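*Asks:* Okay, here's the structure, questions in a sec.
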C-alpha cells in the first residue's frame with residue numbers, strides 16, 4: 001500500500017508551521033469538520049476540487065486498522081515530507097466527488113513523527129466495529145444535513161479493517177448507494193490465522209506437529225480474548241490491537257454484507273498476506289447460496305493486501321490506482 005505523498009507538496013518557507021490544523025499546506029486541500037454528540041467528538045475531513053454546488057457524489061473512504069494520524073510530517077536530513085495512511089493520489093478522485101476521511105479516535109489529522117506520541121486510551125476504548133460504523137453513519141448524515149442536499153450517489157469504500165466497517169455500516173445507513181469492499185474476508189478474522197498456519201504446512205515451512213502446536217496456542221489466545229472481550233489493557237498481535245478490538249471485529253462480515261441490498265464491489269489480491277483468499281471466496285459463495293445478485297466480486301492475480309505486486313525481492317509495483325479505477329468504472333456503470 002502506498003505510504004507516500006498523495007501529491008507533491010512544496011513547502012513555501014522553512015519556518016512554515018505544519019503541526020496542528022492551522023496555516024498548513026494540507027489545510028488548503030482539506031476542510032476540517034466535527035460531529036459533536038453528547039459523549040463524543042468525531043473529526044472528519046473533506047476535499048473537493050470545485051464548489052459544493054457542483055458536486056453530486058459523496059465519497060467516504062474508511063481506512064484500515066493502523067493506529068496513526070491520517071498524515072505524518074517527517075523531517076530527515078534537513079528535508080521535510082508528508083506521508084499518509086491513505087492510498088490515494090488525490091488527482092484520481094473525480095471532480096464531482098466530495099472526498100471524506102475520518103480521523104482515528106484520539107489522533108490528530110497531522111502528526112509530527114519526531115514528536116513523542118503514545119496511543120491514547122480513548123483509541124483503545126473506541127476500537128470496535130460498531131463504533132467505527134456509527135462514526136461513519138454520523139458523518140454521512142452530518143454532511144447531508146450540512147449541505148441541505150441530496151447527493152445523487154453516496155459511495156463508501158473500505159479497505160482491510162475498513163471493509164468490515166463498511167459491511168457493518170451498510171446495515172445501519174440506508175443513504176449509501178454503492179459499497180466498496182477491498183481486501184476483506186467473509187469469515188471471522190480468527191479463521192485467517194488457522195488458514196495461514198495450514199498454508200505454511202503445504203509450503204513445507206512447518207511440520208504437522210509444529211502447525212498443530214501453533215493452532216493449539218492460537219485457540220488458547222482466542223479463548224483468552226473472548227473471556228475478557230472489553231479489555232483495553234490487554235493486547236494480541238501487536239501493541240495497538242487490544243482484546244477489545246479483536247473481540248468486536250470477530251463477527252463474520254459476510255453476515256452484514258448479505259443484509260445490504262445496494263450494489264457491492266468486493267476485491268482481493270491473490271497474494272494477500274493479511275486476509276486469507278479462501279475467506280474472501282466465502283462472499284460470492286454465500287451470495288449465490290442466498291440468491292442475491294447485487295455483488296461484483298473480483299480477484300486480482302499476484303497482488304498483495306494493498307494491491308501491490310512484487311516484481312523482485314523488496315521491489316513492488318503499485319496497482320492501487322488500477323483497482324480504484326476499476327471501482328470507479330463499476331460505480332459509473334451500476335445503478
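Residue numbers (the UniProt record's numbering): 1 to 335. Virtual Cβ for every residue (Gly too), placed ideally from N, Cα, C. None of the values given here were measured: they were computed from a predicted structure.
#1: Tell me the DSSP bridge mates of residue 83?
#2: Could you name the residues that DSSP lists as bridge partners for residue 46?
#3: What separation, rounded to the nearest whole angstrom, lies between the Cα atoms of residue 22 and residue 30?
#4: Output the boundary residues of the beta strand (DSSP E) element that contains residue 347.
#5: Report the rounded CA-to-CA distance for residue 228 versus residue 313, giving the unit in angstroms.
#6: Is it the case that the Cβ atoms of residue 336 and residue 180 are separated by a distance below 7 Å?
#7: Between the alpha carbons of residue 323 and residue 297, how many angstroms are there, rounded?
#8: Whose C-alpha, out of 60, 42, 76 and 309, is nearest the C-alpha of residue 48?
#9: Decide if residue 253 is buried, meaning its Cβ has at least 16 other Cβ atoms within 10 Å, or exposed.
#10: Given a threshold of 16 other Cβ atoms within 10 Å of its Cβ, counted over all protein chains shown, does residue 220 qualify as buried or as exposed?
#11: Between which two residues does the alpha helix (DSSP H) containing residue 140 stretch?
#12: Figure out for me which residue from 331, 170 and 276 has the closest Cα to the Cα of residue 304.
#13: Ordered along the chain, which non-local residues of its own chain (more than five positions away) have a Cβ less than 8 Å from that of residue 141?
#14: Just verifying my parser: in three-state terms, what is the DSSP assignment at residue 21?
#15: Going along the chain, which residues of its own chain have a beta-carbon closer than 6 Å to the beta-carbon of residue 167, five neighbours each way excluded?
#16: Quick one: grab the DSSP three-state call for residue 112.
#17: By the three-class DSSP mapping on this structure, what secondary structure does residue 122 have?
#18: Can the beta-carbon of residue 122 be found less than 7 Å from the beta-carbon of residue 190?
#19: By DSSP, does residue 311 sit in helix, in strand, or in coil?
#20: May I ask you to check if the CB of residue 185 is nearer than 6 Å to at least one heavy atom of the ligand HEM?
#21: For residue 265, I'd like the list of residues in its chain whose CB is within less than 6 Å of its CB, leaving aside the five on either flank, ordered along the chain.
#22: From residue 84 to residue 110, what distance separates their C-alpha atoms?
*Replies:* Reading from the atomic positions:
#1: 72
#2: 31 and 100
#3: With a pLDDT of 41 at residue 22, under the threshold of 50, the modelled position of this residue cannot be trusted; read the value that follows with caution. The alpha-carbon atoms of residue 22 and residue 30 are separated by roughly 11 Å.
#4: Residue 347 lies beyond the range of the chain shown here (1 to 335); nothing can be said about it.
#5: 41 Å
#6: Because the chain is modelled from 1 through 335, residue 336 falls outside the range shown and cannot be assessed.
#7: 12 Å
#8: 60
#9: buried
#10: exposed
#11: 129-146
#12: 276
#13: 173 and 175
#14: Model confidence at residue 21 stands at a pLDDT of 41, short of 50, so the residue's coordinates are unreliable and nothing is read from them.
#15: 253, 256 and 257
#16: strand
#17: helix
#18: no
#19: strand
#20: As far as ligands go, the structure on display features none, and thus does not contain the ligand HEM.
#21: 180, 296, 327 and 330
#22: 9 Å
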